[in-house]
Every structure is written in C-alpha cells, then in structure tokens.
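Under our numbering, the first residue of the sequence shown carries the number 521, and numbering increases by one thereafter. Just so you know, even glycine gets a beta-carbon here, dropped at the ideal spot from N, CA and C. Please read these numbers as outputs of a predicted model, since none were measured by experiment. Notes for the one structure printed next.
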Amino acid sequence: MNTNSQSTYPLPQPTSFTKAFWDACQDKVLTVYACNDCGHLFLPGGPVCPQCWSSGLVSQPVSGRGTVYSFVIYQRTYHPAIPAPYVVALIALEEGPRLISNIINCASGNIVIDMPVRVMFETEDGFMLPRFEPFNPDQRNEG
Ligand SMILES: [Zn+2]
C-alpha cells in the first residue's frame with residue numbers, strides 16, 4: 521500500500537465503459553466511442569449510445585485535433601500533486617465529441633476560446649494522460 525498517497529497524482533479509475541479509451545491512451549492514441557447503429561461519436565464511454573441507446577459501441581481513433589471550447593485557470597492548488605497554476609479545458613474535437621483535459625505548453629494568458637489545439641500524451645506515475653497544446657493548423661508538421 522502506498523503510504524505517500526498525498527503526493528500521488530490522482531489517476532483516472534477506468535471502468536468497463538471507459539477502459540478502451542484509457543487503454544488506447546497508454547499507446548498514445550486518442551479514441552472516441554462510435555455507435556455501430558447510428559454512427560454517433562461520443563465521450564466519455566457509457567453502456568449505450570446517448571443518441572439512440574444502442575449498445576453496439578466500438579472504440580475509434582481520432583485525429584487528436586480540436587479547439588478550446590471553454591477553460592478555467594486554477595490559481596490555487598487543490599491537490600499537492602497538481603500545483604497551480606494549471607488549466608482545465610473542455611476540448612471540442614474535430615470529430616465532434618468534447619472532453620475535459622489540460623492545456624499545456626502555453627502561457628495561460630494566451631489561451632482563448634476556439635484556439636486550435638492537438639493532443640499530446642504525458643505520463644503521471646506511469647499512466648499516460650491525454651493533454652492538449654496549441655497547434656497551428658496551417659503548419660501541420662508531419663512526423
Ligand atoms: Zn447510436
């Protein structure tokens with residue numbers, strides 16, 4: 521048992537409905553859930569499609585590109601493993617689904633709504649988490 525839990529990063533606890541998403545993150549692949557019946561793409565994972573209630577769901581890789589839909593700058597440290605300031609943002613993926621993540625590699629004062637971002641992966645205590653950084657869609661750097 522870890523006796524130093526206060527400084528341990530609070531990692532996601534995958535469930536049977538979110539395991540596919542987190543497993544893909546460990547391979548640095550961002551995925552969404554896709555409905556086999558109506559084609560709806562969504563996050564987070566759940567037992568059924570939120571559009572048509574079908575349980576025929578699959579995990580599908582996405583581009584990792586999106587825009588900042590909304591964000592908050594935390595100026596106060598709430599967890600010792602996550603020192604302020606840090607940014608929590610709602611990212612709208614190009615494919616439609618939104619997810620909550622962090623914005624990194626960007627001064628918080630430079631973050632604006634609709635700013636293009638792309639996913640990158642960072643490890644916390646050996647667990648790979650998707651985070652987003654600024655991205656200029658006109659300068660796509662392949663490789
Ligand atoms: Zn559906």
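Check, Outcome
"Nearest by alpha-carbon distance to residue 629: which of 574, 605, 589, 610 is it?", "605"
"State the beta-bridge partners of residue 647 as determined by DSSP.", "644"
"Using C-beta distances below 6 angstroms, list every residue in its chain close to residue 585, excluding the 5 sequence neighbours before and after it, in chain order.", "614, 638"
"Report the CB separation of residue 668 from residue 552 in whole angstroms; it is logged as a contact under 8 angstroms.", "This structure cannot speak to residue 668, because the chain is shown only from 521 to 663."
"Spell out the partners DSSP gives residue 618 in its beta bridges.", "612"
"Which residues in the same chain as residue 621 place their Cβ atom closer than 7 angstroms to its Cβ, once the five residues preceding and following it in sequence are excluded?", "609, 611, 650, 651, 652"
"Whose C-beta lies closer than 6 angstroms to the C-beta of residue 540 among residues of the same chain, with five residues either side of it excluded?", "579"
"Going straight from the alpha carbon of residue 645 to that of residue 546, what length do you get?", "12 angstroms"
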